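**Q** Those sequence lines, one after another, are chains A and B. Numbering of the first sequence is given in this note's numbering, commencing with residue 3 and proceeding in unit increments. Numbering of the second sequence is given in this note's numbering, commencing with residue 3 and proceeding in unit increments. Don't be surprised by glycine CBs; every beta carbon is placed ideally from N, CA and C. Since the structure is predicted, the reported quantities are computational estimates derived from the model, not experimental observations. Here it is, the structure, as C-alpha cells.
Protein chains: 2
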Amino acid sequence: MLKVALIQQSNTPDINLNREKLVDSITKCAQEGAELVVLQELHDSLYFCQLEDPSLFDLAEPIPGVISNIYSELSAKLQIVLITSLFEKRAAGLYHNTSVVFEKDGSIAGIYRKMHIPDDPNYYEKFYFTPGDLGFKPIMTSVGNLGVLVCWDQWYPEAARLMALAGAQILIYPTAIGWTSNDGELERKRQVDAWITIQRSHAIANGIPLISVNRTGHEYDYSSHTEGIEFWGNSFVAGPQGELLAIAPTSEEIRLIVEIDLNKSENVRRWWPFLRDRRIDAYESLTKRYLD
Amino acid sequence: MLKVALIQQSNTPDINLNREKLVDSITKCAQEGAELVVLQELHDSLYFCQLEDPSLFDLAEPIPGVISNIYSELSAKLQIVLITSLFEKRAAGLYHNTSVVFEKDGSIAGIYRKMHIPDDPNYYEKFYFTPGDLGFKPIMTSVGNLGVLVCWDQWYPEAARLMALAGAQILIYPTAIGWTSNDGELERKRQVDAWITIQRSHAIANGIPLISVNRTGHEYDYSSHTEGIEFWGNSFVAGPQGELLAIAPTSEEIRLIVEIDLNKSENVRRWWPFLRDRRIDAYESLTKRYLD
C-alpha cells in the first residue's frame with residue numbers, strides 16, 4: 003500500500019505566504035506517513051492567467067533554480083516524493099507550465115511540461131505557456147512510475163493512454179479549474195461532474211489509479227473584465243476501476259491522505275484486458291486534426 | 003430536438019418470441035414519436051457467447067438477408083431510423099457482430115462491424131466474431147451522422163474519438179453486459195459505475211450526446227460452468243457534457259423515449275474546445291501495442 007497526500011489550498015497574492023502554508027501542509031502530510039505528496043497546479047501563486055500581462059513572466063524561474071531548490075530541500079528533509087507545478091523559464095520568451103517531480107533524496111526525478119494548453123475566457127494560458135515538447139513520458143520514482151499530466155491534459159484520453167502505454171502506474175493531475183460568475187447552478191454541477199467523470203474514465207480505460215489535485219477559493223480577475231474564478235476544489239483519488247477512494251469538498255482547504263494499492267491494477271487488467279484488444283491497426287487517424 | 007427511443011429487453015431462447023416483443027416495442031416507440039430507435043446488442047437471441055459451440059453459427063445470417071429484411075420493412079412501415087445489432091454471416095467461417103442502420107425508407111444507411119472483440123469468461127466472442135474491417139466510420143442518416151459502435155468498443159476512447167473526428171453527431175452503443183454470480187455487491191456497483199462513467203466520458207471528450215442500450219435479465223450458461231450472466235440494464239442517454247438525460251433500471255424491461263438537442267454540441271464545443279488543442283504531433287505512439 004502506498005500512502006499518498008493531496009493538498010488542496012486557497013491562494014493569496016502573497017507568494018511567500020502561500021508557500022509557507024504549503025510547506026506546513028507538506029510537512030504535516032509527511033508526518034502522517036505520506037510517501038507521495040501532490041500539489042495543485044501553479045501552487046505558489048495566484049492563478050495568474052486570468053489576464054495577459056507581460057510583466058507576469060517575472061513569476062517564472064529556471065529549473066533547477068531558486069524555487070525548485072526550496073522544494074528539493076523539503077523533499078530531502080521529509081524523505082517524500084513530491085509533485086510540484088511550477089512556472090518554468092526556459093529561455094527569454096520561452097516559458098512552460100512544468101511539473102517537477104522530486105525524489106526522496108531531493109534530486110529531480112523528472113519533469114513534465116504541460117502538453118495541452120487551454121485558452122478561453124479567464125484562462126489565457128496560450129499567452130504564457132509554450133506547449134510541452136517532452137511528450138507523454140512517465141517519471142520513474144522510488145514509489146512507482148508516475149504518469150504526471152497537468153490540468154487541461156485531463157480532458158484528453160490520448161494523454162492518459164500514452165502514459166499508460168509507457169508504463170505509468172498512477173495518473174497524477176495538478177489542476178486549477180473553477181467556475182466563472184455567469185455559470186448557473188445546474189451548469190456548475192454539470193462542469194464538476196464532467197471533470198470528475200472524464201478523469202475517472204482515464205483510470206478505467208487504463209486500469210490504474212488516479213490522483214487529481216485542484217485549488218479552491220475565489221481569485222479576482224485583475225483585468226476587471228469578469229468577477230474572477232471560483233476554484234471548485236473536489237480534489238480526488240480514484241482506483242483502477244475508476245472507483246472514488248476519497249474526494250475533497252468544494253470550498254475548503256484540506257489535506258487528503260489516502261492509501262492506494264498499486265497491486266490492484268494487475269487484477270483489474272486481467273478481468274478487463276483493454277490493452278490486449280486495442281485496434282492499433284485502425285488508430286492511425288488519431289494523429290489527424292479532423293477527418294474531412 | 004430529436005426524439006430517440008431505447009429498448010431494453012430480457013430475452014428467451016425463443017427467437018421468434020424475442021423478435022415479436024421487439025417489433026411490438028419498436029412500433030410503440032414510433033407511435034410515441036421516436037424518429038430514432040436503438041436496440042440492444044444481438045437483440046434477436048440469447049447472448050449466445052457464454053459457450054463456444056460451432057452449431058451456434060447457424061444463428062448468423064447474410065446482410066442483406068431474411069432477418070435484416072424484417073427490420074428493413076419495419077423501418078419503412080414506421081418511418082424511423084432503426085439501429086439493429088445482428089450476427090452477420092459474411093462467408094463460411096467468417097462472421098461478424100454487425101450493427102445495421104436502417105433509414106426511414108427501409109434502405110440500409112450503413113453497417114458497422116464491431117471492431118474490438120472481447121474474450122473473457124462468459125463472453126467468448128473471439129470464437130464467433132471476426133474483428134471488424136470497416137473502421138470507425140459514422141453512418142449518415144436523415145436524423146444525423148451516427149457514430150455506431152458496439153459493446154466492448156465502449157471501453158475504448160480511441161473508437162469514440164475517431165467517430166467524432168469523422169463527424170459523428172451522436173455516439174450509439176448497442177450492448178450486452180452483466181454480472182456473473184461470483185461478483186459481490188460492491189464489485190457489481192463498481193462495474194456498473196465504471197461502465198456508465200467511461201461512456202459518459204466519451205460524450206464529454208467529444209462534446210456530443212451518447213446513447214447506450216443494454217439488455218436486462220438473467221441468461222443461463224448452457225455449458226453449465228457458471229451460473230450465467232445477469233445483464234445489468236441501466237441503458238442511458240447522456241448529453242454533450244456527459245450529463246445523464248435518462249437512465250433505465252437494472253432489472254426491468256423498458257422503453258425510454260428521450261429528446262436530444264443536437265444543436266447543444268456547437269455551444270459545448272465553443273466553451274470546451276478540446277478538438278482545437280489535441281497534440282496530434284505527439285499522438286503517434288497510440289498505434290503501438292505498448293511502449294517498451
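1) Closer than 7 Å by beta-carbon distance: list the chain A residues that pair up with residue 282 (chain B), in chain order.
2) Can you pull the chain B neighbours of residue 245 (chain A), defined as C-beta to C-beta under 8 Å?
3) Indicate the three-state DSSP secondary structure (helix, strand or coil) for residue 5 (chain A) in the structure shown.
4) Check this for me: beta carbons of residue 142 (chain A) and residue 151 (chain A), under 9 Å apart or not?
5) Taking the alpha-carbon of residue 16 (chain A) as reference, which of A:52, A:30, A:33, A:61 has the nearest alpha-carbon?
6) Run the proximity test for residue 12 (chain A): is its beta-carbon closer than 8 Å to any non-hydrogen atom belonging to the ligand ZN?
7) On the three-state DSSP scale, how would you describe residue 157 (chain A)?
8) If you measure between the beta carbons of residue 238 (chain A) and residue 250 (chain A), is that distance less than 9 Å?
9) So which residues of chain B does residue 200 (chain A) contact, with C-beta pairs closer than 7 Å?
10) I need the straight-line Cα distance from residue 157 (chain A) to residue 6 (chain A), nearest angstrom please.
11) Please report the residue range of the alpha helix (DSSP H) in which residue 102 (chain B) lies.
12) Quick check on residue 178 (chain B): does DSSP put it in helix, strand or coil?
13) Note down, in chain order, every chain B residue with its Cβ under 8 Å from the Cβ of residue 273 (chain A).
14) Interface residues of chain A around residue 159 (chain B) at Cβ under 8 Å?
15) Mind pulling the chain A residues with CB within less than 8 Å of residue 118 (chain B)?
16) Short of 8 Å in beta carbon distance, which residues of its chain neighbour residue 27 (chain B), apart from the five on each side in sequence? Order them along the chain.
17) On the CB-based measure, 16 or more other CB atoms within 10 Å of its CB, does residue 267 (chain A) come out buried or exposed?
18) If you draw a straight line from the C-alpha of residue 119 (chain B) to the C-alpha of residue 128 (chain B), how long is it?
19) Quick one: give me the first and last residue of the alpha helix (DSSP H) that residue 204 (chain A) is part of.
20) Once the 5 residues before and after residue 124 (chain A) are set aside, which same chain residues still bring their CB inside 7 Å of it?
21) Do you know how far the Cα of residue 210 (chain B) is from the Cα of residue 144 (chain B)?
22) Using only the alpha-carbon positions, how far apart do residue 204 (chain A) and residue 163 (chain A) sit?
23) Does any residue of chain A bring its CB to less than 9 Å from the CB of residue 285 (chain B)?
24) Just verifying my parser: in three-state terms, what is the DSSP assignment at residue 130 (chain A)?
25) Does residue 29 (chain B) come out as helix, strand or coil in the three-state DSSP assignment?
26) Mind checking whether residue 87 (chain B) and residue 44 (chain B) have CB atoms under 9 Å apart?
27) Using a 10 Å radius around the Cβ and a threshold of 16 neighbouring Cβ atoms, would you call residue 105 (chain B) buried or exposed?
28) Taking CB distances under 9 Å as the criterion, tell me whether residue 131 (chain A) reaches chain B.
29) Need the endpoints of the alpha helix (DSSP H) that residue 69 (chain B) sits in, please.
**A** Walking through what the data contain:
1) What residue 282 (chain B) touches in chain A: 289, 290, 291.
2) Within 8 Å Cβ-Cβ: 192, 195, 196.
3) Three-state DSSP puts residue 5 (chain A) in a strand.
4) No, Cβ-Cβ distance for residue 142 (chain A) and residue 151 (chain A) is not below 9 Å.
5) It is A:61.
6) Annotation note on the ligand ZN: not contained in the displayed structure, which lists no ligands.
7) Here residue 157 (chain A) sits in helix by DSSP.
8) Against a cut-off of 9 Å, the Cβ pair of residue 250 (chain A) and residue 238 (chain A) comes out as a contact.
9) From the beta-carbon of residue 200 (chain A), the residues of chain B found nearer than 7 Å are 203, 206, 207.
10) Cα to Cα, the separation comes out at about 23 Å.
11) Looking at the DSSP string, residue 102 (chain B) is not in any alpha helix (DSSP H); the run it does join, the beta strand (DSSP E), is 96-104.
12) Three-state result, residue 178 (chain B): coil.
13) Listed along the chain, the chain B residues whose CB falls inside 8 Å of the CB of residue 273 (chain A) are 122.
14) Listed along chain A, the residues sitting closer than 8 Å to residue 159 (chain B) by beta-carbon distance are 159, 160, 163, 203, 207.
15) Here the neighbours are 279, 280, 281.
16) Excluding positions up to five away in sequence, the list reads 9, 11, 257.
17) Per the 10 Å Cβ criterion, buried.
18) Just so you know, the alpha carbons of residue 119 (chain B) and residue 128 (chain B) end up roughly 6 Å apart.
19) Start and end: 187-208.
20) So the qualifying residues of the chain are 52, 182, 223, 228, 231.
21) Taken atom to atom, the span from the alpha-carbon of residue 144 (chain B) to that of residue 210 (chain B) is near 17 Å.
22) Their backbone Cα atoms lie some 8 Å apart in a straight line.
23) Yes, contact with chain A.
24) In the structure shown, residue 130 (chain A) adopts helical secondary structure according to DSSP, grouped into three states.
25) Note: residue 29 (chain B) maps to helix in three-state DSSP.
26) Closer than 9 Å, so yes.
27) The residue is buried, with at least 16 neighbouring Cβ atoms inside 10 Å.
28) No, residue 131 (chain A) does not count as interfacial toward chain B.
29) From DSSP, the alpha helix (DSSP H) with residue 69 (chain B) extends over 68-80.
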